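S.K.: Have a look at this one before I ask anything.
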Amino acid sequence: MSRDRALLDRALERGEQDGGSVEFKERLLRDVHLEGGRRESLAAQLRHRLLSGDGEATYVVGVTDDGGLAGIDHDAFSESMDVLSLLAEEADAHIDDVQTWGVGGESGSSKGLVGVAQVRDGSMLETDDEHLVVGTAGHVDHGKSTLVGSLVTGTADDGDGATRAYLDVQPHEVERGLSADLSYAVYGFDDDGPVRVRNPDRKADRAEVVEEADRLVSFVDTVGHEPWLRTTIRGLVGQKLDYGLLVVAADDGPTRTTREHLGVLLATELPTIVAITKVDAVSDERVEEVEREVERLLRDVEKSPLRVARHGVDAALEEIGDRVVPIVTTSALTMEGLDTFDELFDRLPKTSRDTGEFRMYVDRSYSVTGVGAVASGTIMAGEVEAGDELLLGPMPDGRFQEVEVRSIEMHYHRVDKARAGRIVGIALKGVTESAIERGMALIPRDADPDPVREFEAEVMVLNHPTRIGDGYEPVVHLETIGEAAAFSPENGRLLPGDTGRTTVRFKFRPYLVEEGQKFVFREGRSKGVGTVTDVRPAE
1 MSRDRALLDR ALERGEQDGG SVEFKERLLR DVHLEGGRRE SLAAQLRHRL LSGDGEATYV
61 VGVTDDGGLA GIDHDAFSES MDVLSLLAEE ADAHIDDVQT WGVGGESGSS KGLVGVAQVR
121 DGSMLETDDE HLVVGTAGHV DHGKSTLVGS LVTGTADDGD GATRAYLDVQ PHEVERGLSA
181 DLSYAVYGFD DDGPVRVRNP DRKADRAEVV EEADRLVSFV DTVGHEPWLR TTIRGLVGQK
241 LDYGLLVVAA DDGPTRTTRE HLGVLLATEL PTIVAITKVD AVSDERVEEV EREVERLLRD
301 VEKSPLRVAR HGVDAALEEI GDRVVPIVTT SALTMEGLDT FDELFDRLPK TSRDTGEFRM
361 YVDRSYSVTG VGAVASGTIM AGEVEAGDEL LLGPMPDGRF QEVEVRSIEM HYHRVDKARA
421 GRIVGIALKG VTESAIERGM ALIPRDADPD PVREFEAEVM VLNHPTRIGD GYEPVVHLET
481 IGEAAAFSPE NGRLLPGDTG RTTVRFKFRP YLVEEGQKFV FREGRSKGVG TVTDVRPAE
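First residue of the sequence shown: 1, per UniProt numbering; consecutive thereafter.
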């Protein structure tokens with residue numbers, strides 16, 4: 001209890017020091033605190049707290065008026081946060097952070113919650129209209145995570161992958177030096193240059209970058225180990241990326257995995273940059289040799305390589321696109337080439353564009369104490385606000401579940417709204433975390449979606465030892481969907497290098513699929529790419 005008491009004492013002390021920016025509430029109820037003139041009165045009180053705290057206010061929920069620990073149950077705490085969010089919106093503010101802990105409940109025996117919510121003036125929140133999202137790819141141990149870790153922190157690696165730990169989120173990943181799932185990182189730019197994460201181990205520091213930077217660069221760091229190719233494809237296909245970053249180590253050169261990942265980047269038609277890493281570990285002659293190998297690899301797929309060290313950043317910015325792939329030589333140990341990436345990411349134009357009403361495919365789900373179920377993913381279209389009413393689905397039986405947006409978080413920074421291209425966690429009311437599955441979609445409640453079990457597609461077979469015939473069952477990766485599906489080619493078969501039409505039927509359940517979406521299909525290794533040409537609603 002001493003830790004709980006100390007937290008509250010610090011909140012009370014801060015309130016005394018700043019002239020009253022702290023408010024204590026046992027609970028907030030919709031049918032009490034939002035009725036009649038109470039809503040306007042409490043919103044005015046919140047505005048006063050914000051003025052007293054120079055744009056910040058602290059609300060301690062689950063305590064008595066004199067600061068005594070009461071504790072309230074999870075449902076009451078969630079309702080209190082909903083009410084506080086609406087009051088904040090009325091006061092042109094937003095909930096920036098919530099910390100909770102368990103205490104003795106109202107009866108003295110059961111457990112309850114006490115929470116400290118930080119509220120921030122909405123006018124202080126910077127927007128990031130030019131938010132770039134970059135997906136990394138490349139062979140295991142070629143230095144993807146280390147390069148990104150050095151970029152976002154401005155810290156040189158120690159030669160043993162120390163900056164890699166800034167991204168890997170599981171202890172076993174850090175211990176082995178191998179990423180086993182997608183990880184995320186962010187840095188940005190303002191008028192003075194890069195805005196980096198000072199202490200990547202502190203969520204608040206990463207949130208601060210989102211708040212302070214005029215332009216953000218988010219990285220979706222994928223998995224290089226071949227057994228997790230499915231996860232890498234999910235990272236490159238299931239996110240609304242602006243650019244791909246293909247990493248090749250100078251001591252190893254391009255590998256089969258390099259070619260696999262390049263094929264996926266090409267399938268998504270993503271403008272791509274190649275980073276040749278670890279140049280400090282080899283001779284200049286070896287660096288030159290690997291550069292030539294990369295150039296041959298790119299020309300084999302009808303791309304034009306452009307060495308940035310030779311032609312300059314301006315040329316790379318002007319030429320990058322469908323045909324031209326810039327190549328940058330780097331070392332996270334000496335920091336060579338990282339200033340080139342800073343200049344590129346500061347000036348590169350955004351390539352993904354908003355394409356209509358809100359749509360997000362779920363990549364992950366988790367549960368947060370006092371908040372509830374959270375669905376995480378990249379917003380593919382439109383924008384979403386706290387309080388929006390949405391549909392989640394389809395469920396395995398084809399229905400869509402009505403949900404409400406409780407709150408939105410981006411790189412640990414609470415925001416009132418988010419738009420296409422942003423990687424967010426959306427806390428949802430009206431559904432349990434166990435009911436949320438990867439591959440489900442969030443869409444507006446007034447949409448009229450049809451669950452799709454079968455669709456027509458135009459596909460190209462990249463590599464396969466034999467022909468593809470009726471009943472061929474690869475895994476189809478479409479957005480964040482990764483599901484076994486049966487192919488029925490129009491002419492009965494497809495050979496390596498063939499392009500043709502096929503019917504694709506998900507083996508186990510329906511999903512939200514739309515005409516024009518691109519996908520990758522694989523069986524062990526990547527086998528081909530396709531585009532949805534027509535959909536058939538599930539019966």
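Ideal Cβ positions, reconstructed from N, Cα and C, are used throughout, including at glycine. Just so you know, these numbers come straight off a predicted model, no measurement behind them.
Below 8 angstroms on the Cβ atoms is my guess for Glu458 versus Thr531; work out the distance and round it to an integer in Å.
M.R.: Rounded, the Cβ-Cβ distance is 5 angstroms, consistent with contact.
S.K.: Can you tell me which of Ile436, Ala91, Val98 and Ser21 puts its alpha carbon nearest to the alpha carbon of Leu42?
M.R.: The candidate whose alpha carbon is nearest that of Leu42 is Ala91.
S.K.: What distance in whole Å lies between the Cβ atoms of Leu28 and Ser80, which are believed to be in contact at a cut-off of 8 angstroms?
M.R.: Yes, Ser80 and Leu28 are in contact; Cβ-Cβ is about 4 angstroms, under 8 angstroms.
S.K.: Leaving out five residues before and five after Gly238 in sequence, what residues of the same chain have Cβ atoms less than 7 angstroms from its Cβ?
M.R.: With a pLDDT of only 47 at Gly238, under the threshold of 50, the placement of this residue in the model should not be trusted, and no figure is reported.
S.K.: Taking 8 angstroms as the threshold (C-beta atoms), are Val308 and residue 577 in contact?
M.R.: This structure leaves residue 577 out entirely; the chain is present only between 1 and 539.
S.K.: When the Cα atoms are used, what is the spatial distance from Gly154 to Leu216?
M.R.: One C-alpha to the other measures close to 15 angstroms.
S.K.: Kindly indicate which three-state DSSP category Ser21 falls into: helix, strand or coil?
M.R.: Three-state DSSP puts Ser21 in coil, outside helix and strand.
S.K.: Counting Cβ pairs closer than 8 angstroms, one from the stretch 373-390 and one from the stretch 436-453, do we hit at least three?
M.R.: The answer is yes - the stretch 436-453 touches the stretch 373-390, with three or more Cβ pairs under 8 angstroms.
S.K.: I need the straight-line Cα distance from Asp128 to Asp470, nearest angstrom please.
M.R.: Here the model assigns Asp128 a pLDDT of 42, short of 50, so the residue's position is not dependable, and the following value carries that caveat. Cα to Cα, the separation comes out at about 48 angstroms.
S.K.: Candidates Gly398, Phe400 and Ala427: which alpha carbon is nearest Asp388's?
M.R.: Nearest of Gly398, Phe400 and Ala427 to Asp388, Cα basis: Ala427.
S.K.: Of the residues Val461, Glu473, Arg292 and Phe400, which one's Cα is nearest the Cα of Arg501?
M.R.: Arg501 has its Cα closest to that of Val461, out of Val461, Glu473, Arg292 and Phe400.
S.K.: Which residue's Cα is closest to the Cα of Phe521: Arg347, Gly482 and Gln401?
M.R.: When each option's Cα is compared against that of Phe521, the closest is Gly482.
S.K.: Answer with buried or exposed for Asp397, where buried requires no fewer than 16 other C-beta atoms within 10 angstroms of its C-beta.
M.R.: Exposed.
S.K.: Around the C-beta of Phe519, are 16 or more other C-beta atoms found within 10 angstroms, so that it is buried, or is it exposed?
M.R.: Its Cβ being crowded by 16 or more others within 10 Å, Phe519 is buried.
S.K.: Could you work out which residue in Val290, Lys350, Leu266 and Asp450 is closest to Thr255 when comparing CA atoms only?
M.R.: Comparing Cα-Cα distances from Thr255 to each of Val290, Lys350, Leu266 and Asp450, the minimum goes to Val290.
S.K.: For the alpha helix (DSSP H) holding Glu89, just list the boundary residues, first then last.
M.R.: Start and end: His74 to Glu90.
S.K.: So what's Asp280 in DSSP terms, helix, strand or just coil?
M.R.: Correct three-state label for Asp280: helix.
S.K.: Would you say Val452 and Val529 are within 8 angstroms of each other, going by their C-beta atoms?
M.R.: Cβ distance not < 8 angstroms, so Val452 and Val529 don't count as in contact.
S.K.: Whose C-alpha, out of Val134, Leu34 and Pro510, is nearest the C-alpha of Leu86?
M.R.: That would be Leu34, whose Cα lies nearest to the Cα of Leu86.
S.K.: In its own chain, which residues sit with a C-beta less than 8 angstroms from the C-beta of Gln45, not counting the 5 before and 5 after it?
M.R.: Cβ neighbours of Gln45 beyond the five flanking positions: Glu23.
S.K.: Identify whether Lys144 lies in helix, strand or coil by the three-state DSSP scheme.
M.R.: Reduced to three states, the DSSP call for Lys144 is helix.
S.K.: Leaving out five residues before and five after Leu298 in sequence, what residues of the same chain have Cβ atoms less than 6 angstroms from its Cβ?
M.R.: Pro305 and Val325.
S.K.: So for Gly263, helix, strand or coil by DSSP?
M.R.: Of the three classes helix, strand and coil, the one that applies to Gly263 here is helix, per DSSP.
S.K.: Starting from the Cα of Asp141, find the closest Cα among Arg120, Thr257, Phe219 and Gly62 and give me that residue.
M.R.: Checked all of Arg120, Thr257, Phe219 and Gly62; the closest Cα to Asp141 is Thr257.
S.K.: CA-CA distance, Ser367 and Leu391?
M.R.: Going by the C-alpha atoms only, they are around 19 angstroms apart.
S.K.: Bridge partners of Lys527, per DSSP?
M.R.: In DSSP, Lys527 forms no bridge with anything.
S.K.: Less than 8 angstroms between the CB atoms is what I'm expecting for His94 and Arg120, so what's the real figure, rounded?
M.R.: That belief holds up - the Cβ atoms of His94 and Arg120 are roughly 6 angstroms apart, short of 8 angstroms.
S.K.: Can you give me the start and stop residues for the beta strand (DSSP E) that Ala486 sits inside?
M.R.: It spans Ile481 to Pro489 - the beta strand (DSSP E) in which Ala486 sits, taken as one unbroken run.
S.K.: Touch check for the stretch 326-341 and the stretch 266-285: three-plus C-beta pairs under 8 angstroms?
M.R.: The answer is yes - the stretch 266-285 touches the stretch 326-341, with three or more Cβ pairs under 8 angstroms.
S.K.: Since Arg307 sits in a beta bridge, which residues does DSSP pair it with?
M.R.: In DSSP, Arg307 forms a bridge with Ile327.
S.K.: What does the alpha-carbon distance come out to for the pair Gly36 and Arg30?
M.R.: Straight-line Cα distance between these residues: approximately 11 angstroms.
S.K.: Compare the C-alpha of Ser150 against each of Gly337, Val287, Val264 and Asp284 and name the closest.
M.R.: The shortest C-alpha separation from Ser150 is found at Gly337.
S.K.: With distances taken from CA atoms, which of Gly115, Val279 and Ala486 is nearest Thr58?
M.R.: Of Gly115, Val279 and Ala486, the residue nearest in Cα terms is Gly115.
S.K.: Measure the C-alpha to C-alpha separation of Arg438 and Ser365 and round it to an integer number of angstroms.
M.R.: Distance between the alpha carbons of Arg438 and Ser365: 8 angstroms.
S.K.: Please state whether DSSP places Glu175 in a helix, a strand or coil.
M.R.: Since pLDDT at Glu175 reaches only 35, below the 50 mark, its modelled position is unreliable, and the value read off the structure follows with that caveat. DSSP places Glu175 in helix when its eight states are reduced to three.
S.K.: Ala156 and Phe189: beta carbons closer than 8 angstroms?
M.R.: No, these two residues do not count as a Cβ contact at 8 angstroms.
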